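A.B. asks: Sharing a structure, written as C-alpha cells. Questions coming.
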Amino acid sequence: MPGELAVTGWDDAAVAARLDITTVAQSLREQGALCAHAALGQRLDSRAEPWSIIRRSSTRH
C-alpha cells in the first residue's frame with residue numbers, strides 16, 4: 442500500500458527521527474502557559490500554536 446497509507450507519530454521522540462517518521466512536536470511549556478491564561482480568564486492569541494509538524498519521509502509533503 443505504499444502511497445496510500447501514511448504513518449505519523451506524536452511528540453517527536455528520538456525514535457521518530459531515527460525511523461524518519463513524520464511527527465507532531467509539542468511544547469508542554471507553551472501548552473501550560475495557554476492553559477494558565479485561559480484559567481485566569483485572559484484572552485488567548487488565536488494564532489498561537491503550541492505544536493508543529495516535523496515532516497519526514499513517512500508522509501507525502
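Numbering of the sequence shown is given in the numbering used here, commencing with residue 442 and proceeding in unit increments. The C-beta atom is built at its ideal place from N, Cα and C for all residues, glycine as well. All figures in this text were calculated on a predicted structure; none of them were measured in a lab.
1) Apart from the five residues on each side of it in sequence, which residues of its chain come closer than 6 Å, Cβ to Cβ, to Ser498?
2) Give a yes or no on contact between the region 477-484 and the region 454-469, applying the rule of three or more CB pairs nearer than 8 Å.
3) Can you give me the C-alpha to C-alpha distance between Gly450 and Leu485, rounded to a whole angstrom?
4) Compare the Cα-Cα distances from Ser493 to each of Val465, Arg470 and Arg501 and report the closest residue.
5) Excluding the five sequence neighbours on either side, which residues of its own chain have a C-beta within less than 7 Å of the C-beta of Gln467, listed in chain order?
C.D. replies: If we stick to the structure as given:
1) Closer than 6 Å at Cβ, skipping near neighbours: Asp461.
2) no
3) 27 Å
4) Val465
5) Asp452, Pro491 and Trp492
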